[in-house]
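Input: a single structure, listed below in structure tokens.
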Amino acid sequence: MFAITKQTGQAMAMPDVCKVPAPPGPPIPTPFSNIGMTPSANPVTQKIMIAGAPALTKASKINPSQGDQPGVAGGLVSGKIMGPVEFVMGSTKVKFEGNPAVFMGNTTKQNDGNAVGADTMPSQEKVMIMS
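Heads up: the sequence shown begins at 1 in the UniProt record's numbering, then just goes up one per residue.
Here's what the structure looks like:
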């Protein structure tokens with residue numbers, strides 16, 4: 001699949017179950033979608049550019065994620081909203097600057113582990129990583 005860069009791309013998870021206040025009762029667990037946009041990722045490669053943008057690796061984190069802001073009482077697992085997106089897997093054969101390269105379809109932990117998702121939108125369509 002396509003290598004992920006800092007150009008426009010996104011990782012998405014659904015459901016990101018967060019607690020929504022419901023006065024006077026206890027907070028209500030409510031599912032939200034959680035989206036992380038690759039332009040806000042760090043750290044990225046310093047020397048490797050793909051289609052003019054730095055590449056992302058398994059060490060990259062997308063912070064903040066968006067979409068779960070109404071769940072102000074926090075996620076059921078993480079206790080946070082807008083937590084970082086982390087890549088769970090990377091390429092087993094391709095490394096960028098010593099870290100596994102990440103590509104479209106890789107599994108992600110979103111909102112600091114509150115939801116499991118994947119990179120769903122390519123940031124470029126020229127370089128593919130097949131392993």
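No residue lacks a Cβ here, since even glycine has one placed at the ideal position from N, Cα and C.
* Own chain residues within Cβ distance below 6 Å of M37, not counting five before or after -> As a first step, residue 37 must be located in the sequence shown, where it is residue number 37. Q10, listed in sequence order.
* Compute the Euclidean distance between the alpha carbons of V127 and E97, then round it to the nearest angstrom. => Residue mapping note: residue 127 aligns to position 127 of the sequence shown, counting from 1. Residue mapping note: residue 97 aligns to position 97 of the sequence shown, counting from 1. Cα to Cα, the separation comes out at about 17 Å.
* Asked: Between the beta-carbon of S65 and the beta-carbon of V44, is there less than 8 Å?
  -> If you number the sequence shown from 1, residue 65 lands on position 65. If you number the sequence shown from 1, residue 44 lands on position 44. No, they are not a contact pair.
* Helix, strand or coil at T38 [DSSP, three-state] -> Taking the sequence shown and counting its residues from 1, the one referred to as residue 38 is at position 38. Three-state DSSP puts T38 in a helix.
* Asked: Start and end of the beta strand (DSSP E) containing E97?
  -> Indexing the sequence shown from 1 puts residue 97 at position 97. Per DSSP, E97 belongs to no beta strand (DSSP E) and is neither H nor E.
* Could you give the distance in angstroms between the alpha-carbon of I62 and the alpha-carbon of P84? -> Translated into positions along the sequence shown, residue 62 becomes position 62. Translated into positions along the sequence shown, residue 84 becomes position 84. Using only the alpha carbons, I get a separation of about 6 Å.
* To do: Could you tell me the distance, in whole angstroms, from the CA atom of S40 to the CA atom of K58?
  => Working through the sequence shown from its first residue, we reach residue 40 at position 40. Working through the sequence shown from its first residue, we reach residue 58 at position 58. C-alpha separation (whole angstroms): 15 Å.
* Can S91 and D112 be called in contact, C-beta distance under 8 Å? -> As a position in the sequence shown, residue 91 is number 91, starting the count at 1. As a position in the sequence shown, residue 112 is number 112, starting the count at 1. Their beta carbons are not under 8 Å apart, which means S91 does not touch D112 by this criterion.
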